[in-house]
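Residue numbers (the numbering used here): 2 to 404. Positions of the beta carbon are idealized from the N, C-alpha and C atoms, including for glycine. Just below is one structure, and these are the notes that go with it.
In structure tokens, the structure reads:
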């Protein structure tokens, strides 16, 4: 017998009173489109971000629903309950709360196999994305879509907001030689689609051809960044603690792959800082502010990381302030940061022979590292991806579900 699901009264009343503007796909599924899963054996691909507008887990909602039979859970990087460190392999296990088997999609298997899918009538995907190509959740989704197509299982995406909004498209298109689990399809680094829209794009453009249904949100539009939705943010990974962190991630995260420059991991401001012992904060701030990049301001700062690569080192550099988040082109800012470091500190090699391969995979192009090393201007590097971005924007607009 299923146990009764109890929502904490104070939490429920507080959030209901606040009245989120946006209703995520899980709410819409249970309130309006239950027929998609009613009476069926369900496999759920999710993690801690899979919650309804009252912060109740999708796992628990489906498990306790009298007309749904949740028989399997699939966990991405960090695990279904979020208890695994970034990059660490995730093992199959049993969910302590529900007793349901959890299959790992970030261990020896990245794609559900026949044994995992045994007895499942429909696969449901409910994970909050951050709108960046190098975040692995979107490939967990696409690989599961491939498995669903192979075994004739319908696939449902419970849509969620793109925290960057639906209009920001930025960064180079992935080149095929850098295809990996941190960049699998030729899309921009910031692609401007929700998970549901991206699923439709993948399904058609790359011939996955699964039986795809997307449960749309209610109340979301392309102008909305996450703070405007009224929804509560659940960290998508340990270093994305706030919704605004999702905008900082494409602003410094590629640089962070090199491990030569600190980006705030291990301190209070993940992805918000650029620093090292050899950087002078005042001159780096001046150099970057002279470019008058839209939406950002660079302030000199000193800090000592508590953990990670630069633990207990006394660093200086800049904090990046988002003055107007909706005006920022984060990948463009990242190029300006790297060219500024190369200009000001030519004797310091910001690249790392042991990490260059990962940098190239995340960046997605062969020219970026070469051009920075050769002193090419940031504006020239950025101009190189404009034409391809325009073509992507035109193609992806066919899959928009929201205005």
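Quick one: residues in its chain with C-beta nearer than 6 Å to the C-beta of residue 163, no 5 flanking neighbours on either side, listed in chain order?
Counted from its first residue, the chain shown places residue 163 at position 162. Same-chain partners within the cutoff: 132 and 195.
So that I know if they touch, is there some Cβ in chain C lying closer than 8 Å to that of residue 225?
You won't find chain C in this structure, because it holds only one protein chain.
Identify every residue that forms a DSSP beta bridge with residue 46.
Reading the chain shown from its first residue, position 45 is the one you call residue 46. According to DSSP, residue 46 shares a beta bridge with 75 and 126.
In terms of residue numbering, what span does the alpha helix (DSSP H) encompassing residue 251 cover?
Here residue 251 corresponds to residue number 250 of the chain shown, with the count starting at 1. The continuous alpha helix (DSSP H) containing residue 251 extends over residues 246–257.
Are there 16 or more other CB atoms within 10 angstroms of the CB of residue 307, so buried, or fewer, so exposed?
Here residue 307 is taken as the residue at index 306 of the chain shown, counted from 1. By the C-beta density criterion, residue 307 is exposed, having fewer than 16 other C-beta atoms within 10 angstroms.
Residue 91 versus residue 108: straight-line alpha-carbon distance, rounded
Numbered from 1 along the chain shown, position 90 holds the residue referred to as residue 91. Numbered from 1 along the chain shown, position 107 holds the residue referred to as residue 108. The straight-line gap from Cα to Cα measures roughly 5 Å.
In the DSSP assignment, what are the bridge partners of residue 94?
The residue labelled residue 94 in the question sits at position 93 within the chain shown. In DSSP, residue 94 forms a bridge with 103.
Pairwise C-alpha distance: residue 177 and residue 128:
The sequence position of residue 128 within the chain shown is 127, counting from 1. The sequence position of residue 177 within the chain shown is 176, counting from 1. Going by the C-alpha atoms only, they are around 26 Å apart.
Residue 363 and residue 1 - do their beta-carbons sit closer together than 8 Å?
Here the chain has residues from 2 to 404 only, and residue 1 is not among them.
Using the C-alpha atoms, what's the distance from residue 319 back to residue 212?
Here residue 212 is taken as the residue at index 211 of the chain shown, counted from 1. Here residue 319 is taken as the residue at index 318 of the chain shown, counted from 1. So the alpha carbons of these two residues sit roughly 48 Å apart.
Of all the alpha helix (DSSP H) runs that stay within the bounds of the region 153–197, which reach a length of 4 or more residues?
As far as the region 153–197 is concerned, it has no whole alpha helix (DSSP H) run of at least 4 residues.
Looking only at C-alpha atoms, which of 199, 239, 259 and 220 sits nearest to residue 232?
Residue mapping note: residue 232 aligns to position 231 of the chain shown, counting from 1. The residue among 199, 239, 259 and 220 with its C-alpha nearest the C-alpha of residue 232 is 220.
Three or more C-beta pairs under 8 Å: does that hold for the region 35–51 against the region 65–85?
As far as the Cβ criterion goes, the region 35–51 touches the region 65–85, which means the pair count is three or higher.
Three-state secondary structure assigned by DSSP to residue 13:
The residue labelled residue 13 in the question sits at position 12 within the chain shown. Low confidence applies here, because residue 13 scores a pLDDT of 39, under 50, leaving its location unreliable; read the following figure in that light. Reduced to three states, the DSSP call for residue 13 is helix.
Using a Cβ distance threshold of 8 Å, determine whether the region 136–149 contacts the region 111–121, with at least three qualifying pairs required.
Flag = yes, the region 136–149 and the region 111–121 touch.
Below 8 Å, how does it come out for the region 253–273 and the region 49–58: are there three or more Cβ pairs, yes or no?
Flag = no, the region 253–273 and the region 49–58 do not touch.
Is it the case that the Cβ atoms of residue 29 and residue 123 are separated by a distance below 8 Å?
As a first step, residue 29 is located in the chain shown; it is residue number 28 there, counting from the start. As a first step, residue 123 is located in the chain shown; it is residue number 122 there, counting from the start. Contact flag unset, no.
Rounding to the nearest angstrom, what Cα-Cα distance links residue 198 and residue 348 in this structure?
What you label residue 198 is simply residue 197 of the chain shown in a count that begins at 1. What you label residue 348 is simply residue 347 of the chain shown in a count that begins at 1. Residue 198 and residue 348 have their alpha carbons spaced roughly 45 Å apart.
Can you tell me the Cβ-Cβ gap for residue 46 and residue 152, rounded? I've got them flagged as a contact below 8 Å.
As a position in the chain shown, residue 46 is number 45, starting the count at 1. As a position in the chain shown, residue 152 is number 151, starting the count at 1. That belief does not hold up - the Cβ atoms of residue 46 and residue 152 are roughly 14 Å apart, past 8 Å.
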